[in-house]
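Q: My numbering applies: residue 482 is where the sequence shown begins, and numbers increase by one.
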Amino acid sequence: MARIGVFVCHCGENIGATVDCVRVAEACRKIPGVAHSVDYKYMCSDPGQTLIREAIAQNKLTGVVVAACSPRMHEPTFRRVCSESGL
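1. Determine the DSSP secondary structure at Val-503, reduced to helix, strand or coil.
2. Following the continuous beta strand (DSSP E) through Ile-485, name the residue where it begins and the one where it ends.
3. From what residue to what residue does the beta strand (DSSP E) around Ala-516 run?
4. Gly-544 lies in the beta strand (DSSP E); which residues open and close that run?
5. Skipping 5 residues on each side, what residues in its chain have a beta carbon closer than 6 Å to that of Ile-485?
6. Less than 6 Å between C-beta atoms, sequence neighbours within five positions excluded: which residues of the same chain meet that for Val-546?
7. Out of curiosity, what's the CA-to-CA distance linking Ile-496 and Arg-510?
8. Please report whether the beta-carbon of Leu-568 lies at a distance below 7 Å from any beta-carbon of chain C.
9. Are the CB atoms of Asp-527 and Val-489 nearer to each other than 7 Å?
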């Protein structure tokens with residue numbers, strides 16, 4: 482079975498002011514195949530990227546879902562982090 486990591490970004494207040502990111506991350510933990518789910522204020526930041534890298538390694542993730550702002554802005558960042566982490 483897949484071991485998916487779900488990373489829910491608040492994007493500061495851009496998403497967090499409208500979406501309850503904490504509850505979304507909690508709900509994702511109940512989905513079969515989700516091995517790790519967490520929310521963070523700025524997933525694209527260096528600490529956010531580190532959080533993803535560490536989760537991939539510690540939880541032996543086989544895939545990730547990043548719920549964040551427009552992929553046009555940060556998709557290359559998240560793809561790089563995953564690639565560097567072996568995904």
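Here a beta-carbon is modelled for each residue, glycine too, at the ideal position from N, C-alpha and C. Since the model is a prediction, treat every value here as computed from it, not as a measurement.
A: Taking the structure as given:
1. If you number the sequence shown from 1, residue 503 lands on position 22. It is helical.
2. Working through the sequence shown from its first residue, we reach residue 485 at position 4. Run containing Ile-485: 485-490, per the beta strand (DSSP E) assignment.
3. Indexing the sequence shown from 1 puts residue 516 at position 35. First-last of the beta strand (DSSP E) with Ala-516: 515-521.
4. Counting from one through the sequence shown, the residue named residue 544 turns up at place 63. Gly-544 -> beta strand (DSSP E) spans 544-548.
5. Residue mapping note: residue 485 aligns to position 4 of the sequence shown, counting from 1. These residues qualify, in order along the chain: Gly-514, Val-515 and Gly-544.
6. Taking the sequence shown and counting its residues from 1, one reaches residue 546 at position 65. Cβ within range, chain order: Val-487.
7. Counted from its first residue, the sequence shown places residue 496 at position 15. Counted from its first residue, the sequence shown places residue 510 at position 29. Answer to the nearest angstrom: the Cα atoms are 20 Å apart.
8. No chain C is part of this structure, which consists of one protein chain only.
9. The residue labelled residue 527 in the question sits at position 46 within the sequence shown. The residue labelled residue 489 in the question sits at position 8 within the sequence shown. No, the Cβ-Cβ distance between Asp-527 and Val-489 is not below 7 Å.
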